[in-house]
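Please read the structure below before turning to the comments.
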Amino acid sequence: MPSLDDLKKRIKSVKSTQKITKAMKMVAAAKLRKAQESAEKGRPYSQKMQNIILNLTKSITDPENAPKLLVGTGKDNTYLCVVLTADRGLCGGFNSNICKLAKSNFKKFLNEGKNLKIITVGTKGLDQIKRDYGKHIIKKLSFKEKKKITYNEAEIVGNEIINLFKQNQFDKCILYYNNFKNVITQIPEAQQIIPAESKISESNKLNSFQYEFEPEEDEILEDLLPKNISTQVFKAFLENAASEQGSRMTAMDNATRNAGDLVDKLTINYNRSRQASITKELIEIISGAESL
Amino acid sequence: MSENFTIEIISPEKSIIKSSTTEVVIPSYEGEMGILKDHVPLITFLRPGVITIINVADKKKFFVEEGTVEFSNNNLLILTSKAKELNDFNAELLEKSINEAEKKISNGEISDKEKYLLSYKIETLKNIKQ
């Protein structure tokens, strides 16, 4: 049985932990609101961009000469996987969920005998992935110093991907990130960005018009495709940022509640042993008086 | 029959405007382009310039630096990273933007395409200033 002093110390330490988690929850909640807003506002842009690209894909008459970024290389030997995670921990299953999904995919690719290349964005994902797949990682990016992730950062990642593609380093590119659904649900998602995949917006009915292009179709595609890659990366960033804060908020809320339960339990213990020692002293006094 | 179609301007950060209108003039890459209802499906780029949304009652003007335009099903969709309503400009900001652009253009190390775009930017900004 721990002594009264020990119990007192433990209660105090749990209480101060609770204070920290509570503060973190509050900070996350404030940040979440902003992140959620920008994620939701950013959605139409990336979605419409994707739609334009898909419409273009449909209207291509000559797939042989179409830009490779759009239709892919026609092979699927090498996969480039871009794993987007956070730079900070203490956010529940956020980072592990992405990594779990990514790892199970990596395993599948390797079993199929494909080549695997990995780019990690964010330090937490790197830590989890490098243990098993360290030799496949070709690039580590982190925007830890940046307070807010903007389109510029997305462009850096996007350009990286495009450069590698131009050097024929890979055939397919897949993005891993958490899709923000609501504060308690974030769904890890794998999105194929090269070649453009039509699965995502099949629900939106696509038009099959013959578009008029100005300037020429090739020129438009040349400009639009890299932009689309960056836009998709940016969307993933925004979704991720919102998910991270949501996940952290829930995790910290749980932690605060757990700490509260623990404090209650310890307080009961503490009171009980205090009462026990008082009773013991009383018995000693009474039995001492009786024996006289 | 209404002669209206919808216009939507979206930037990565937010949706800037969504409304119904009768005519829109956009600074397309190869020249100004007016769009009315039932235009042929179209995809094009923007160069720096002013988008004018014309309604019977009023006109709205936006300055854009670049963007992608898609028109289909009487929906005009403009995706742009930078769009600013003309009313939001003030002289100081204009002066600054013009100076920056002029510095860039005199730098010499830029491609013809960039030069072309920058010269339009300067011209438009100067027009706005007046």
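In order, the protein sequence lines correspond to chains A and B.
Quick note: to get my numbering, add 1060 to the position in the first sequence (first position is 1).
Quick note: to get my numbering, add 7 to the position in the second sequence (first position is 1).
Positions of the beta carbon are idealized from the N, C-alpha and C atoms, including for glycine.
If you're wondering where the values come from, they're calculated on a predicted model, not measured in any experiment.
Looking only at its own chain, which residues have a Cβ that is under 6 angstroms from the Cβ of residue i, when we skip the five neighbours before and after it?
{"i": "A:PHE1297", "result": "ILE1209, ALA1214"}
{"i": "A:PHE1294", "result": "TYR1211, ALA1214"}
{"i": "A:ILE1244", "result": "THR1310"}
{"i": "B:ARG54", "result": "PRO34, TYR36, LEU124, TYR127"}
Looking at the unbroken alpha helix (DSSP H) that takes in residue i, where does it start and where does it end?
{"i": "A:VAL1323", "result": "1277-1350"}
{"i": "A:VAL1217", "result": "1211-1226"}
{"i": "A:CYS1159", "result": "1154-1171"}
{"i": "B:SER126", "result": "119-136"}
{"i": "A:ILE1367", "result": "In the structure as shown, chain A begins at 1061 and stops at 1352. Residue 1367 of chain A is therefore absent and cannot be evaluated."}
{"i": "A:LEU1129", "result": "1128-1131"}
Report all residues from its chain with a CB closer than 8 angstroms to the CB of residue i; omit the five preceding and five following residues, and keep chain order.
{"i": "A:TYR1193", "result": "LYS1163, PHE1166, LEU1176, ILE1178"}
{"i": "A:ASN1242", "result": "GLY1306"}
{"i": "A:LEU1150", "result": "MET1084, ARG1308, ALA1311, MET1312"}
{"i": "A:SER1156", "result": "GLN1188"}
{"i": "A:LEU1130", "result": "ILE1113, LEU1116, THR1117, ILE1120, PRO1255, ALA1256, LEU1281, LEU1285"}
So, helix, strand or coil for residue i, using DSSP?
{"i": "A:TYR1237", "result": "strand"}
{"i": "A:PRO1104", "result": "helix"}
{"i": "A:ASN1111", "result": "helix"}
{"i": "B:LEU43", "result": "coil"}
{"i": "A:GLN1096", "result": "helix"}
{"i": "A:VAL1243", "result": "coil"}
{"i": "A:SER1063", "result": "coil"}
{"i": "A:THR1117", "result": "helix"}
{"i": "B:THR29", "result": "coil"}
{"i": "A:GLN1078", "result": "helix"}
{"i": "A:SER1202", "result": "coil"}
Residue i: which of the options sits nearest, CA to CA?
{"i": "B:ILE33", "options": "B:LYS110, B:SER113, B:GLU107, B:ILE60", "result": "B:ILE60"}
{"i": "B:LYS136", "options": "B:GLU109, B:ASN114, B:SER113, B:LEU101", "result": "B:LEU101"}
{"i": "A:PHE1230", "options": "A:ALA1126, A:VAL1142, A:TYR1105", "result": "A:VAL1142"}
{"i": "A:PHE1154", "options": "A:SER1290, A:TYR1330, A:ARG1308", "result": "A:ARG1308"}
{"i": "A:PRO1275", "options": "B:SER18, B:ASN62, B:PRO19, B:THR51", "result": "B:THR51"}
{"i": "A:PRO1248", "options": "A:ASN1239, A:ARG1103, A:ARG1093", "result": "A:ASN1239"}
{"i": "A:ARG1148", "options": "A:LEU1140, A:ASP1187, A:TYR1139", "result": "A:ASP1187"}
{"i": "A:ILE1253", "options": "A:MET1109, A:GLN1078, A:ARG1317", "result": "A:MET1109"}
Excluding the 5 residues flanking residue i on each side, which residues of the same chain have their C-beta closer than 7 angstroms to its C-beta?
{"i": "A:MET1312", "result": "THR1081, MET1084, LYS1085, ALA1088"}
{"i": "A:LYS1091", "result": "GLN1305"}
{"i": "A:LYS1190", "result": "ILE1197"}
{"i": "A:THR1327", "result": "ILE1071"}
I'd like the span of the beta strand (DSSP E) that includes residue i, first residue to last.
{"i": "B:ALA90", "result": "90-92"}
{"i": "B:GLU15", "result": "12-17"}
{"i": "B:ILE58", "result": "56-61"}
{"i": "B:LEU86", "result": "82-86"}
{"i": "B:SER104", "result": "Careful: B:SER104 lies outside any beta strand (DSSP E), inside the alpha helix (DSSP H) at 98-113."}
On the premise that residue j lies in contact with residue i, defined as a C-beta separation below 8 angstroms, what is that separation, rounded to the nearest angstrom?
{"i": "A:LEU1067", "j": "A:SER1333", "result": "7 angstroms"}
{"i": "A:THR1291", "j": "B:PRO19", "result": "7 angstroms"}
{"i": "A:ILE1289", "j": "A:ILE1221", "result": "6 angstroms"}
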